[in-house]
Amino acid sequence: MTPPQVPGARLRHGRVALALSFFVQGAVFALLVTRIPAIQVRYGISDGLLPAFLAAVPVLAGAGSVGTEHLVKRVSPKTVLRCVQPVVCLALLAVGAVGSLAQVAVALAVFGLTVGALDASMNMLGVSLQRAYGRSIMLGFHAAYSLGGIVGASLAWVGAHGQLPLWSLYGPVVAVSVPLVLLSGRWLVGRGDEEGEGKGRPATGAGSPVAMRLLLPLCLVMAFAYIGDSTVSNWSAKYLQDVLGSSEQLATVPYNVYMVTTLLGRTVGDLGVRRFGPASVVRTGTVVAAVGFAVVAAAPDAWVGMVGFTLLGLGLCVIVPQTFAAAGRYAVERHGPEASDPTIARLNIFNYVGFLIGSPLVGALGDAWSYRGAMLVPMALVLVTLVYARSFGSSPARYGDDHERPRTVDVGRGSNGL
Numbered sequence: 154m155t156p157p158q159v160p161g162a163r164l165r166h167g168r169v170a171l172a173l174s175f176f177v178q179g180a181v182f183a184l185l186v187t188r189i190p191a192i193q194v195r196y197g198i199s200d201g202l203l204p205a206f207l208a209a210v211p212v213l214a215g216a217g218s219v220g221t222e223h224l225v226k227r228v229s230p231k232t233v234l235r236c237v238q239p240v241v242c243l244a245l246l247a248v249g250a251v252g253s254l255a256q257v258a259v260a261l262a263v264f265g266l267t268v269g270a271l272d273a274s275m276n277m278l279g280v281s282l283q284r285a286y287g288r289s290i291m292l293g294f295h296a297a298y299s300l301g302g303i304v305g306a307s308l309a310w311v312g313a314h315g316q317l318p319l320w321s322l323y324g325p326v327v328a329v330s331v332p333l334v335l336l337s338g339r340w341l342v343g344r345g346d347e348e349g350e351g352k353g354r355p356a357t358g359a360g361s362p363v364a365m366r367l368l369l370p371l372c373l374v375m376a377f378a379y380i381g382d383s384t385v386s387n388w389s390a391k392y393l394q395d396v397l398g399s400s401e402q403l404a405t406v407p408y409n410v411y412m413v414t415t416l417l418g419r420t421v422g423d424l425g426v427r428r429f430g431p432a433s434v435v436r437t438g439t440v441v442a443a444v445g446f447a448v449v450a451a452a453p454d455a456w457v458g459m460v461g462f463t464l465l466g467l468g469l470c471v472i473v474p475q476t477f478a479a480a481g482r483y484a485v486e487r488h489g490p491e492a493s494d495p496t497i498a499r500l501n502i503f504n505y506v507g508f509l510i511g512s513p514l515v516g517a518l519g520d521a522w523s524y525r526g527a528m529l530v531p532m533a534l535v536l537v538t539l540v541y542a543r544s545f546g547s548s549p550a551r552y553g554d555d556h557e558r559p560r561t562v563d564v565g566r567g568s569n570g571l
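Numbering (this note's numbering), first residue to last: 154 to 571.
Now the structure itself:
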C-alpha cells in the first residue's frame, strides 16, 4: 500500500489564497447583481436601456477573457489575478459612488473587462493547483465562490432592508476585500512554482490553446450549464409567483435554496470525483439537474417547485468546475502544461455566452409558449452533457489510502479525445 502524497506548505498556502480569491469574487459579484434595481433607480436607467447595461457586462467579460488568453503568454496567471482583483473590487465601489449615468457606464465596463480576466485567471490557477495536488480540489474553489455569493447576497439584503446608499454598502466591503486579496495574493501558486518551497522550475510562457473544434464539446457543456444557472437566477422568483401562485415572500426562497445546495454539492463534490471519477460525477449531476427542471415544469404548487430548484442546485453545481478541469487535462495531454492556461481562458468565454442566452431564451419561450414548457428547453440542453461525458475522463479516479494519483495528472484518465 502506497500512502497518498502530502502537499507541501506552499501548495497548501496557495490553495487557501486561491479559495479566498474565489470567495471574494463570489461576494462582489452577488453584491452587484442583487442590487441592480437600486442601481437602476440611483442613476435613472430606463427599463429600455437596462437590458443593454446588463448585457454589456458579460460581453465585456468575454472580451476580458479573450485578452487574458493572450496576456498569459507574457505574464503568469497569478500576476493577472493579483492585478485585476483589486480593480474589480474598486469598480464595484465606483458603481455605487459615481455621480452620473456616463460614469456608471464606465464603471460597469471596467468591472466587465476585469471580471473576465479574473474568472479566467482564477480557474487557470485552480486547474494547475489540482494537477500539482494529484487529486480533485477544483470543486472546493467553486464552493468558496458559492459561499461568497451567499454572503454577498445576504449583505445586499441587509443594505436593501436598511435602505443604505449603495456607496455605504459597497464601501466597507471593498475596504476589507482589497487589502485582503493584495495580502493573500503573495501566497498564490501557479504553474512552475508549485513544487514545495520554491523548488519548481520557472514558469514559461503559455503555449497554444487546444483548437476550438476539439474544445467545442466542453464549450457547449459550459454554455448549457450557464443557461441552466441563469434560468434559476433570473426566473425562479417569477416562476414561483406567477406560475405556481406563491406569495412574494416565498418567491424569494428558491434562489437562496439553490445557492445553498450549490455550496453543499461543491463542498462534497471533490470526494465524489476522487471516489468515482469525474465522468461519473458529471453524469450524475446532469441527470439530477434534468430531473430538477422536470419537477419545476410539472410542479403543482410552490413547495414542489422548490424541490425542483433544490435538485437543480445539487445537479448543476458539479458541471462547471469539472469542465474547467477536463479542459486543463486535455490541453496538457495534447500540447503540454503550457497549453492549459490559454485553453482555460478560451473555455471561460462560454460562461458568458450561456449567461447571455439563458434569460432571454426562457423569457421569449415563456411569452410565446408557456413558462412550464420553457423550463424543458434548458433541461434538454443540460442533458446534452451526457453525450460528451467521456470528455471528462472515462476511468474511475479513486483516491485515498489505497490509491495514489501521479502528481502530473489532472482529474480523470483514459480519454483519448473529446
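The C-beta atom is built at its ideal place from N, Cα and C for all residues, glycine as well.
From the options, residue whose alpha carbon lies closest to that of residue i
i, options, result
"M274", "Y286, I502 and G458", "Inspection of the sequence shows that residue 274 is occupied by Ser rather than by Met. Checked all of Y286, I502 and G458; the closest Cα to S274 is I502."
"R482", "S174, P431, N387 and L322", "P431"
"R427", "S289, F462, V304 and C470", "S289"
"A270", "V228, G526, Y408 and S361", "V228"
"R436", "A183, A255 and G546", "G546"
"V251", "V233, Y196, D423 and A209", "Y196"
"W388", "G360, V506, A517 and L171", "A517"
"A328", "A247, R163 and A170", "A247"
"T384", "P332, G519, T420 and L322", "G519"
"V410", "G422, A216, Y541 and I303", "I303"
"V177", "R163, A542, G215 and Y323", "Y323"
"G179", "D494, R163, I192 and D272", "D272"
"L292", "G161, V485 and A478", "A478"
"G161", "S253, L207 and Y286", "Y286"
"R366", "A521, G489 and A480", "A480"
"P190", "L213, V212 and A309", "A309"
Counted within 10 angstroms of its Cβ, other Cβ atoms place residue i as buried (16 or more) or exposed
i, result
"Q402", "exposed"
"Q238", "buried"
"Q475", "buried"
"R354", "In this prediction, R354 scores a pLDDT of 42, lower than 50, which makes its location untrustworthy; the coordinate-derived value is nonetheless stated afterwards. Exposed, by the Cβ-count rule."
"G349", "Bear in mind that the predicted position of G349 carries a pLDDT of just 42, short of 50, making it too unreliable to give a figure here."
"G351", "The pLDDT assigned to G351 is 40, lower than 50, so where the model puts this residue is not dependable; a value taken from the coordinates is nonetheless given after this. G351 should be labelled exposed."
"G315", "exposed"
"L164", "buried"
"A170", "buried"
Residue i and residue j closer than 8 Å at C-beta
i, j, result
"A128", "V225", "Residue coverage of the chain in this structure runs from 154 to 571, which leaves residue 128 outside it and unanswerable."
"L241", "T221", "The sequence given here places Val at residue 241; Leu does not occur at that position. Not a contact, by the Cβ cut-off of 8 Å."
"G526", "L469", "no"
"L393", "A455", "yes"
"L245", "V181", "yes"
"A183", "G305", "yes"
"F462", "L529", "no"
"A378", "V535", "yes"
"T496", "L319", "no"
"L234", "G338", "yes"
Span of the alpha helix (DSSP H), counted from its first residue to its last, around residue i
i, result
"Y524", "Y524 to A527"
"I198", "Run containing I198: none; DSSP gives neither H nor E here."
"C470", "Where C470 is concerned, there is no enclosing alpha helix (DSSP H), given that its DSSP letter is neither H nor E."
"A170", "A162 to V186"
"T538", "Neither: T538 is in no alpha helix (DSSP H) and is coded neither H nor E."
"I502", "S493 to A521"
Whole-Å CB distance - residue i paired with residue j, under 8 Å assumed
i, j, result
"L465", "A442", "6 Å"
"S299", "T415", "5 Å"
"K231", "L341", "4 Å"
"P407", "A390", "7 Å"
"A296", "R168", "Not a contact, Cβ separation roughly 12 Å."
"G422", "V471", "5 Å"
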